[in-house]
Structures are given as C-alpha cells and as structure tokens.
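Please read the structure below before turning to the comments.
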Amino acid sequence: MLDRKSMTGIALISGAASIGGFTVVFTRFVIPETDAFTLAHIRYGLAALCLISLSLWQGRKFRIDRRDAPALLLLAICFYGAFPYCFARALADTTAARGAL
64 MLDRKSMTGI ALISGAASIG GFTVVFTRFV IPETDAFTLA HIRYGLAALC LISLSLWQGR
124 KFRIDRRDAP ALLLLAICFY GAFPYCFARA LADTTAARGA L
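The sequence shown begins at 64 in the numbering used here and counts up by one.
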C-alpha cells in the first residue's frame with residue numbers, strides 16, 4: 064500500500080507529464096498559424112512577465128553572484144531561446160505524436 068507522500072508524488076509527476084503532453088499537442092496545433100520564433104517569444108515572454116510580477120509582489124531581493132552570471136546567461140539562452148525555437152520548428156515538420164515520443 065502506498066502512503067500519502069508517495070501518492071502525492073505520483074499525482075504531481077502525472078500532472079507534470081500531462082502538462083508536457085499538452086504542450087506538444089498545443090504547439091503542433093498553433094504552429095501552422097505562426098512561426099516558431101514568434102511562438103517561443105510569446106510563450107516565454109508571458110512566463111517572464113508572470114515570474115517578474117510574482118517576484119515584485121513578494122518584495123524579496125534577487126541577487127546573482129557576478130561570477131555565476133555568464134553561466135546563467137548561457138543556460139538561459141539555451142533553454143529559453145534555442146530549445147523552444149527548435150521544439151516548435153521540429154513540430155512544424157512532424158506529427159504531435161512523433162514529436163512527443
């Protein structure tokens with residue numbers, strides 16, 4: 064028998080997998096209407112606005128050490144720039160089912 068903590072973990076990972084699947088389907092649905100570059104910027108621009116608003120609402124200072132800034136910038140460019148563009152561009156050339164696999 065699974066305890067409450069295990070069930071919570073299973074529910075959360077199921078939700079995360081579902082959100083990932085919906086992302087593939089909706090990206091494939093929207094890509095004929097726009098290009099991959101625009102879709103990536105709209106998606107992560109809205110997410111950035113939400114996170115900045117939440118950060119300002121909480122009122123905490125957000126500090127990054129100077130020596131960590133170049134590595135964080137490189138990671139941000141790869142994950143928030145290159146990945147969504149490549150993901151949307153790839154889904155333009157294949158089906159949602161194949162892209163999800």
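Ideal placement from N, C-alpha and C gives every residue a C-beta, glycine not left out.
Whether residue i touches residue j by CB criterion (8 Å)
i: L154; j: R91; result: yes
i: I94; j: L102; result: yes
i: Y148; j: A99; result: yes
Inter-residue spacing [alpha-carbon to alpha-carbon] between residue i and residue j
i: G138; j: L117; result: Reading off the sequence shown, one finds Leu at residue 138, where the question assumed Gly. Rounded to the nearest angstrom, the two C-alpha atoms are 22 Å apart.
i: D66; j: A74; result: 12 Å
i: L112; j: F89; result: 21 Å
i: T97; j: I82; result: 21 Å
i: C141; j: T71; result: 32 Å
i: L119; j: L109; result: 15 Å
i: I76; j: A134; result: 29 Å
Neighbour-count burial assignment, residue i, 16 or more Cβ in a 10 Å radius
i: A151; result: buried
Sequence-distant residues of the same chain with beta carbon closer than 6 Å to residue i, five excluded per side
i: T158; result: none
Close beta carbons around residue i, own chain, < 7 Å, minus the five adjacent residues each side
i: Y107; result: Y143 and P147
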